[in-house]
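Using numbering that gives the first Met the number 0, the final residue of the sequence shown is 350, and nothing's skipped along the way. A virtual CB, placed ideally from N, CA and C, is assigned to each residue, including glycine. Structure first, commentary second.
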Amino acid sequence: MKVAVLAGGHSSEHSISLLSARSISEALVQGGHEVSLIGINKEGVWTRLAAVPKREGHSLPVLPHTDTVDFAAHFGECAAEIRTCDVTFPVLHGPFGEDGTVQGLLELLGVAYVGSGVLASAACMDKPTTKAKLESAGIPIPDFTFFELDDDSNESITQAVAYVAESNLSFPMFVKPARGGSSVGMTRVPTAAQLFQAITEASQHDLRIIFEQAIENMREIECGVLVRPNHQGAVASLPSEIKVKPPRLFYDFEAKYLDDSADLIVPAQLDGDITSEIQNMSLQVFDVMGCEGLARIDFFIRGTELLVSEVNTMPGFTEISMYPRMFEASGVTYPQLVDDLVHTAKSRASR
Ligand SMILES: Nc1ncnc2c1ncn2[C@@H]1O[C@H](COP(=O)(O)OP(=O)(O)O)[C@@H](O)[C@H]1O
Ligand SMILES: [Mg+2]
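This is the structure we're talking about:
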């Protein structure tokens, strides 16, 4: 097949997308597919790429800034190229990629693409929407409340502080922008005194803010879902565990990408009952959210209680990312995984 790989994007996960896209492209070529690379730089300019830049030591790759004068010509050329491909793999994480916007464009272009459609992508990117949907399906989640700021003024933020004080939540709590990723803009708030600052921080990313009860003494577990081609349906991987090392308090941006302050355990050491409970709940969440192709479902386990934390419709996809590693541990190799995804996307389009 000829596969268009979209890489980069104007979210805080730009560099991670490039790392994922590079691994995926290599696996596609290795699997006998033809790859057409399309880069989206941080300014949102689309260009055809000869190669995806790689990581140089500790510095993360970034697509070069391009003068926006040629935007229409570049964009048109990329859209035309996408239409010549059998499938598009939008390897984009976060806003403007994983949130339904690019999926809408691909629908307009009338092409087959890997992963969730417009509605599921948008719903999974938006934490309050995800939680509302899961809650109404009876899936256990941490207690939360939601507030939409009018603007980022002190007055609006003071209103949000008052709203949270009236809610059922207690401290510590997490304050997060509704549509974020990579832990950017979020804070673990131990007491009321830090609430104003945390809302100010989140408001720099999104005026819609979610407040979540912190789940203490829990284990962080992830599980992959993959729709296998030829109508074989969705399967769940073995779960994995993330162990954040003290003094870090949670799985923040640094722990995710920049240092080794988290141990990633694949597969997680869990007893059989809870493993199948996690897998079944992952498939249920995938279904409730209307996901397609793939997703990574994140959980917290407290004792024997399982809580769904969030759903990622385009999870990190480098060779060392959790999603491919969980499938590797479940018997699906990286090249097989990528091959399955493009075939599932292609067969879905010709349904
Ligand atoms: N309610 C919570 N209780 C405890 N830890 C949390 C909670 N919410 C988030 N965290 C911590 O913050 C991390 C990032 O939160 P998450 O909602 O997954 O944001 P993102 O979409 O940016 O990944 C989680 O992996 C976890 O370590
Ligand atoms: Mg997360």
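- Query: Any idea what DSSP makes of K41, helix, strand or coil?
  - Reply: Numbered from 1 along the sequence shown, position 42 holds the residue referred to as residue 41. K41: coil per DSSP, three-state reduction.
- Under the three-state DSSP convention, the category F170 falls into: Taking the sequence shown and counting its residues from 1, the one referred to as residue 170 is at position 171. It is coil, neither helix nor strand.
- Item | Identified DSSP bridge partners for L305 | In the sequence shown, the residue the question calls residue 305 occupies position 306. DSSP output for L305 lists I300 as bridge partner(s).
- Message: In this structure, how does DSSP classify R350 when only helix, strand and coil are distinguished?
- Response: Start at 1 with the first residue of the sequence shown, and residue 350 comes out as number 351. Low per-residue confidence applies at R350: pLDDT is 47, beneath 50, and the placement is therefore not dependable enough to give any value.
- Task: Could you tell me whether the segment 270-288 touches the segment 229-248, where touching means 3 or more Cβ pairs closer than 8 Å?
- Result: yes
- Task: Give, in chain order, every unbroken run of the alpha helix (DSSP H) that is at least 4 residues long and sits entirely within the segment 103-171.
- Result: Secondary structure within the segment 103-171: the alpha helix (DSSP H) runs of 4 or more consecutive residues, fully enclosed, are 117-124, 126-135, 153-165 (chain order).
- Item | Pick from M217, D149, F298 that is closest to I386, judged by C-alpha positions | Given a span of 0 to 350 for the chain in the structure shown, any question on residue 386 remains unanswerable.
- Task: Hey, could you find the ends of the beta strand (DSSP E) C222 is sitting in?
- Result: On the sequence shown, residue 222 is found 223 positions in, with the first residue counted as 1. DSSP places C222 in the uninterrupted beta strand (DSSP E) bounded by 218-227.
- Task: Select from E276, E291, N153 the residue whose C-alpha is nearest the C-alpha of F299.
- Result: By one-based count along the sequence shown, residue 299 stands at place 300. Among E276, E291, N153, the Cα nearest to that of F299 belongs to E276.
- Can you tell me where the beta strand (DSSP E) with D262 in it begins and where it stops? In the sequence shown, the residue the question calls residue 262 occupies position 263. Here the beta strand (DSSP E) through D262 covers 261-264.
- Where do the ends of the beta strand (DSSP E) carrying T87 lie? Working through the sequence shown from its first residue, we reach residue 87 at position 88. In the DSSP annotation of this structure, the continuous segment of the beta strand (DSSP E) that includes T87 starts and ends at 86-90.
- Are at least three pairs of beta-carbons, each pair with one atom in the segment 166-183 and one in the segment 219-233, less than 8 Å apart? no
- Query: In the DSSP assignment, what are the bridge partners of F210?
  - Reply: Along the sequence shown, one-based indexing puts residue 210 at 211. Note: F210 sits in a beta bridge opposite T144, V174.
- When you compare only the Cα positions, how much space is there between P48 and S181? By 1-based counting over the sequence shown, the position of residue 48 is 49. By 1-based counting over the sequence shown, the position of residue 181 is 182. Here residue 48 is Leu; the residue named in the question, Pro, does not match the sequence. Between L48 and S181, the C-alpha separation is close to 25 Å.
- State buried or exposed for E147, treating a residue as buried only when at least 16 other CB atoms are found within 10 Å of its CB. Taking the first residue of the sequence shown as position 1, residue 147 is located at position 148. Result: exposed.
- With a threshold of 16 other CB atoms inside 10 Å of the CB of V341, please say whether the residue is buried or exposed. Your numbering for residue 341 matches position 342 in the sequence shown. The residue is buried, with at least 16 neighbouring Cβ atoms inside 10 Å.
- Message: Can you tell me where the beta strand (DSSP E) holding E240 begins and where it ends?
- Response: Within the sequence shown, residue 240 is the residue found at index 241, counting from 1. Per DSSP, E240 belongs to the beta strand (DSSP E) from 239-243.
- Message: Can you tell me where the alpha helix (DSSP H) holding R21 begins and where it ends?
- Response: As a first step, residue 21 must be located in the sequence shown, where it is residue number 22. Element bounds for R21: 13-29.
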